[in-house]
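A.B. asks:
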Amino acid sequence: MNTEKLNALRRDWRTPFCSALIAGLLAHGYAFANKLLNHDEIESLFGKGATVTSGRWGLELVKVLFPDWSMPWVYGIVSLLLISLACCLILSVLNIRSTVMRAVLPAIITSFPALTGVFCFMFTSSAYAWSFGLAVLAVFLFCKGGLRRTLLGAVLLVLALGIYQAYISLAASLLLLVMIRDTLDGEKPVFEIVRFGVKALAMLLGAVALYYLITLLVLRVTGTAFNSYVTENVNGAVSLPRRVRMAYDAFTYIFSFRNFSLITSEASRYLHIALLGLTLAALAGLALRGRRVLNAALLAVLLLLLPLSICCMFLIMSQESIHTLVMYSFVCVYLLMGIAAERVKGGADWLCLPLCLVQVLSQNDPAI
Numbered sequence: 013m014n015t016e017k018l019n020a021l022r023r024d025w026r027t028p029f030c031s032a033l034i035a036g037l038l039a040h041g042y043a044f045a046n047k048l049l050n051h052d053e054i055e056s057l058f059g060k061g062a063t064v065t066s067g068r069w070g071l072e073l074v075k076v077l078f079p080d081w082s083m084p085w086v087y088g089i090v091s092l093l094l095i096s097l098a099c100c101l102i103l104s105v106l107n108i109r110s111t112v113m114r115a116v117l118p119a120i121i122t123s124f125p126a127l128t129g130v131f132c133f134m135f136t137s138s139a140y141a142w143s144f145g146l147a148v149l150a151v152f153l154f155c156k157g158g159l160r161r162t163l164l165g166a167v168l169l170v171l172a173l174g175i176y177q178a179y180i181s182l183a184a185s186l187l188l189l190v191m192i193r194d195t196l197d198g199e200k201p202v203f204e205i206v207r208f209g210v211k212a213l214a215m216l217l218g219a220v221a222l223y224y225l226i227t228l229l230v231l232r233v234t235g236t237a238f239n240s241y242v243t244e245n246v247n248g249a250v251s252l253p254r255r256v257r258m259a260y261d262a263f264t265y266i267f268s269f270r271n272f273s274l275i276t277s278e279a280s281r282y283l284h285i286a287l288l289g290l291t292l293a294a295l296a297g298l299a300l301r302g303r304r305v306l307n308a309a310l311l312a313v314l315l316l317l318l319p320l321s322i323c324c325m326f327l328i329m330s331q332e333s334i335h336t337l338v339m340y341s342f343v344c345v346y347l348l349m350g351i352a353a354e355r356v357k358g359g360a361d362w363l364c365l366p367l368c369l370v371q372v373l374s375q376n377d378p379a380i
């Protein structure tokens, strides 16, 4: 990369990177400056917890980068830096150009309650941030196009899953948001967008299959087996339609029953519902603009699929085993709001304050 391109990249990433880093420090500084001890943290002060037996063989690999010491300040800052860089990639993938949105959305991602949960398990925080970044980079490479980039993206996604399996939902949701953006812009034929989606699904399924094969191989070589947490919580006996229903129910319950502590206060809940309603209304208006019936139909399908992608871990695991850390992909709801706001005149400005408020109201609720 030449100097000119590097300077352009620095200018482009300066706002989202600084916003993500500052918001993350404000939201999680207490966790960095204090040792928040719980059962897992005490047990894994000098370890990464269950690795291979949980299907997280990647946690063994990242010990080369992040040694087995639970260090709040060091791993906290490293985690924030990695996720801040990932925020820049996310904005590039979604082509978010509004200065307001480029400041607000990264701040939401790094102050999100799921990351608060990650820092309760400081011994794996930097590894999970690395996994988050690998999943985002996999999507970035896939969207660039080309066979080599697609294959490399699939490999990176496999590595991400080897560290923390839940980030498959993040990758899937980001790819759906790319399709939603293209559908709204109308610059690509509907057939081309659908073809992108089919390729994306093939890449995701291929990565999951390869991850599973590697996991079985690692278990065989090491002479171990899945631990009880895995064997007791995999949804093998539940039918696929029932799993899909569970995923949609879980998404709905986030807004109504404060599931996963993502939306905790009543004020935050009402704001979320209002903003989501406005976003859907704006998307409907944008899709029907110019009477693009096919685009409107495709957008409706994609919006229906987004909750499923956000909660796709319910297709694999039992409802009881899903917790706040797994639901980091819910940030894609805010990214959807940003995509819609950018395309409505003045939308990025009027959405800025409410988006900031929903995060402040959630992060300062005692339930977190």
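Under the working numbering, the first residue of the sequence shown is numbered 13, with each subsequent residue one higher. We put the beta carbon where it would ideally sit given N, CA and C, even for glycine. Note that this is a predicted model, so its numbers are computed, not measured.
1. For residue 265, is the classification buried or exposed, using 16 other Cβ atoms within 10 angstroms of its Cβ as the cut-off for buried?
2. Starting from residue 25, follow the alpha helix (DSSP H) in both directions and report where the run begins and ends.
3. In whole angstroms, what separates the C-alpha of residue 21 from that of residue 14?
4. Label residue 346 either buried or exposed according to how many other C-beta atoms from any shown protein chain fall within 10 Å of its C-beta, with 16 as the threshold for buried.
5. Just list the alpha helix (DSSP H) runs in the region 158-205, keeping only unbroken ones of 4 residues or longer that don't cross its boundaries, in chain order.
6. Can you tell which of 129, 99 and 226 has the C-alpha that lies nearest to the C-alpha of residue 24?
7. What number of angstroms, rounded off, separates the C-alpha of residue 114 from the C-alpha of residue 145?
8. Using only CA atoms, which one of 310, 336 and 38 lies nearest to residue 193?
9. Where in the region 120-155 do unbroken runs of the alpha helix (DSSP H), each at least 4 residues long, occur, reported from the N-terminal end onward?
10. According to DSSP, what are the bridge partners of residue 246?
11. How long is the line joining the alpha carbons of residue 260 and residue 32, rounded to whole angstroms?
12. Is DSSP giving residue 323 helix, strand or coil here?
13. Take residue 58 and list the residues in its own chain whose beta-carbon comes closer than 7 angstroms to its own, dropping the five residues that flank it on each side.
14. Taking its Cβ as the centre, do 16 or more other Cβ atoms sit within 10 Å of residue 227, making it buried, or is it exposed?
15. On the CB-based measure, 16 or more other CB atoms within 10 Å of its CB, does residue 29 come out buried or exposed?
16. How many angstroms separate the CA atom of residue 271 from the CA atom of residue 289?
17. CA-CA distance, residue 17 and residue 167?
18. State the DSSP-derived secondary structure class of residue 79, mapped to helix, strand or coil.
19. By DSSP, does residue 308 sit in helix, in strand, or in coil?
20. Mark residue 253 as exposed unless 16 or more other C-beta atoms lie within 10 angstroms of its C-beta, in which case mark it buried.
21. Answer yes or no: do residue 104 and residue 118 have a C-beta to C-beta separation smaller than 8 angstroms?
22. Can you grab the Cα-Cα spacing for the pair residue 189 / residue 205, in whole Å?
C.D. replies: By the coordinates alone:
1. exposed
2. 15-45
3. 11 angstroms
4. buried
5. 159-175 and 180-197
6. 99
7. 18 angstroms
8. 310
9. 125-130
10. 329
11. 30 angstroms
12. coil
13. 80 and 81
14. buried
15. buried
16. 20 angstroms
17. 27 angstroms
18. coil
19. helix
20. exposed
21. no
22. 12 angstroms
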